[in-house]
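Residue numbers (the working numbering): 1423 to 1658.
Since the structure comes first, as structure tokens, the remarks are kept for the end.
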Amino acid sequence: IAYHAFVPHFKGTESVLLATGILGATVMPHVVFLHSALTQGRIVVRDPRQLRRLFRFECVDVTLAMGVAGLVNAAMLIMAAATFFEKGLTTVGTIEEAHQTLAPLLGSASSWVFAVSLLASGLSSSTVGTMSGQVIMQGFVHWQIPIWLRRLLTMLPALLVIGIGLEPTRTLVISQVVLSFGLPFALVPLALFTARADLMGVLANRRMTTLIFWCVTALIIALNLFLLYQILLGGG
């Protein structure tokens, strides 16, 4: 597990698609803007020492949030490998199939835990998406829309998917891949701005931090371009 967690290994276009989707679902681009907006209200000090102290708290906050998200994704992959793959059930590819297969293998409680987890995940992502959309619209186009319209715009894509009859799991993966393609548009400005001392003051990134940041951003862009190559040019 440790080896494959750090050494990428792809088997065709589908595996690249899933890896890109996991990346987009974990590091969502719109959340970068939401975190910045939520942090603005906490910056009530201007003393450099107090700013560094506040920054340490924010680092712990973000690290815990992303760490939990990463652990959840890792747990899902490990559980799928240990439960389905080891039993020879390599064709389980939808949420419905996973739910129906869990009960015979791990007991009825497992399917309930799976269902509740999906509900909690849906509520969380819908809340974050709605808040992020409002923050981005206020910041870039200075729009404020009523709450009911905000909720409608958030739920409309899901309702369209259900109404048209698209395959939910495949649509979910593709939506996560779209998020991954949006990451460079959030990370590149973030790397540029956080390296500027005239904007960040004492909290400007050091050269090594900026270098690592650009390397990670380059890897994400490379993964997205590789997926495009696989899909458009038939590289897989």
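Backbone N, C-alpha and C define an ideal beta-carbon position, used for all residues, glycine too.
Residues near Val1449 in its chain [Cβ-Cβ closer than 7 Å; skip 5 each side]: Position 27 of the sequence shown, counted from the first residue, corresponds to residue 1449. Its chain contains Leu1605 as the residues whose beta carbon lies nearer than 7 Å to that of Val1449, once the 5 sequence neighbours on both sides are disregarded; these appear in chain order.
Could you check the C-alpha separation between Leu1594 and Met1577 for me, to the nearest Å? Within the sequence shown, the letter at position 172 stands for residue 1594. Within the sequence shown, the letter at position 155 stands for residue 1577. Each residue's Cα considered, the two are about 14 Å apart.
Taking 6 Å as the cut-off, does the CB of Gly1551 come closer than this to any heavy atom belonging to the ligand GDP? No copy of the ligand GDP appears in this structure; indeed no ligand is present at all.
For Ser1458 and Arg1468, what's the separation of their Cα atoms in angstroms? Residue 1458 sits at position 36 when you count from the first residue of the sequence shown. Residue 1468 sits at position 46 when you count from the first residue of the sequence shown. In a straight line, the C-alpha of Ser1458 is about 17 Å away from that of Arg1468.
Leaving out five residues before and five after Ile1517 in sequence, what residues of the same chain have Cβ atoms less than 6 Å from its Cβ? Here residue 1517 is taken as the residue at index 95 of the sequence shown, counted from 1. Thr1591.
Presumed contact (8 Å Cβ cut-off) between Gly1463 and Ser1602, rounded CB distance: Along the sequence shown, one-based indexing puts residue 1463 at 41. Along the sequence shown, one-based indexing puts residue 1602 at 180. With a Cβ gap of about 29 Å, Gly1463 and Ser1602 do not count as contacting.
Contact set for Leu1524: own chain, Cβ-Cβ below 6 Å, skip 5 residues either direction: Your numbering for residue 1524 matches position 102 in the sequence shown. Cβ neighbours of Leu1524 within its own chain (closer than 6 Å, five residues either side excluded): Ser1532, Ser1533, Phe1536.
Could you check what DSSP says for Asn1627 in three-state terms: helix, strand or coil? Residue numbering aside, residue 1627 sits at position 205 when the sequence shown is read from its first letter. If DSSP states are grouped into helix, strand and coil, Asn1627 belongs with coil.
May I have the straight-line CA-CA distance separating Ala1613 from Leu1527, to the nearest angstrom? The residue you call residue 1613 lines up with position 191 of the sequence shown. The residue you call residue 1527 lines up with position 105 of the sequence shown. Cα-Cα distance, rounded: 46 Å.
Closest by C-alpha distance to Val1638, when choosing among Ile1653, Gln1472, Ala1608: As a first step, residue 1638 is located in the sequence shown; it is residue number 216 there, counting from the start. The option with the nearest alpha carbon to Val1638 is Ala1608.
Since His1452 and Gly1585 should fall inside the 8 Å C-beta cutoff, what is the C-beta to C-beta distance between them, to a whole number of angstroms? Along the sequence shown, read from residue 1 onward, the residue named residue 1452 stands at position 30. Along the sequence shown, read from residue 1 onward, the residue named residue 1585 stands at position 163. A Cβ-Cβ distance of about 24 Å is found for the pair His1452 and Gly1585, leaving them out of contact under the 8 Å criterion.
Please go through the segment 1576-1625 and give each complete alpha helix (DSSP H) segment of 4 or more residues, from N-terminal end onward. Runs found: 1590-1616, 1619-1622.
Thinking just about the alpha-carbon of each residue, which of Thr1632, Val1599, Val1600 is nearest to the one in Phe1615? Residue mapping note: residue 1615 aligns to position 193 of the sequence shown, counting from 1. Nearest of Thr1632, Val1599, Val1600 to Phe1615, Cα basis: Thr1632.
Pick helix, strand or coil for Thr1442, following the three-state DSSP scheme. Counted from its first residue, the sequence shown places residue 1442 at position 20. The answer is helix: DSSP assigns Thr1442 an H, G or I state.
Does DSSP put Arg1468 in a helix, a strand or coil? For the purposes of this step, residue 1468 is identified with residue 46 of the sequence shown, where counting begins at 1. Arg1468: coil per DSSP, three-state reduction.
Since I believe Leu1645 is in contact with Leu1445 (beta carbons under 8 Å), could you give me their beta-carbon distance rounded to a whole number of angstroms? Looking up residue 1445 in the sequence shown gives position 23. Looking up residue 1645 in the sequence shown gives position 223. Correct: roughly 7 Å between the Cβ atoms.
Other residues of its chain near Phe1455: CB distance less than 8 Å, five sequence neighbours each side excluded: Walking along the sequence shown from the start, residue 1455 turns up at place 33. Cβ neighbours of Phe1455 within its own chain (closer than 8 Å, five residues either side excluded): Ser1554, Val1557, Ile1558, Gly1561, Ala1608.
Go ahead and pull the three-state DSSP assignment for Thr1461. By 1-based counting over the sequence shown, the position of residue 1461 is 39. Per DSSP, reduced to three states, the secondary structure at Thr1461 is helical.
Which of the three DSSP states is assigned to Phe1648 in this structure? In the sequence shown, the residue the question calls residue 1648 occupies position 226. Looking at Phe1648 - three-state DSSP - the assignment turns out to be helix.
If we ignore side chains and look at the alpha-carbon of each, how far apart do Glu1589 and Leu1582 end up? Walking along the sequence shown from the start, residue 1589 turns up at place 167. Walking along the sequence shown from the start, residue 1582 turns up at place 160. It is roughly 12 Å from the alpha-carbon of Glu1589 to the alpha-carbon of Leu1582.
Simplified DSSP state of Leu1655, which is helix, strand or coil: For the purposes of this step, residue 1655 is taken as residue 233 along the sequence shown, with counting starting at 1. Correct three-state label for Leu1655: coil.
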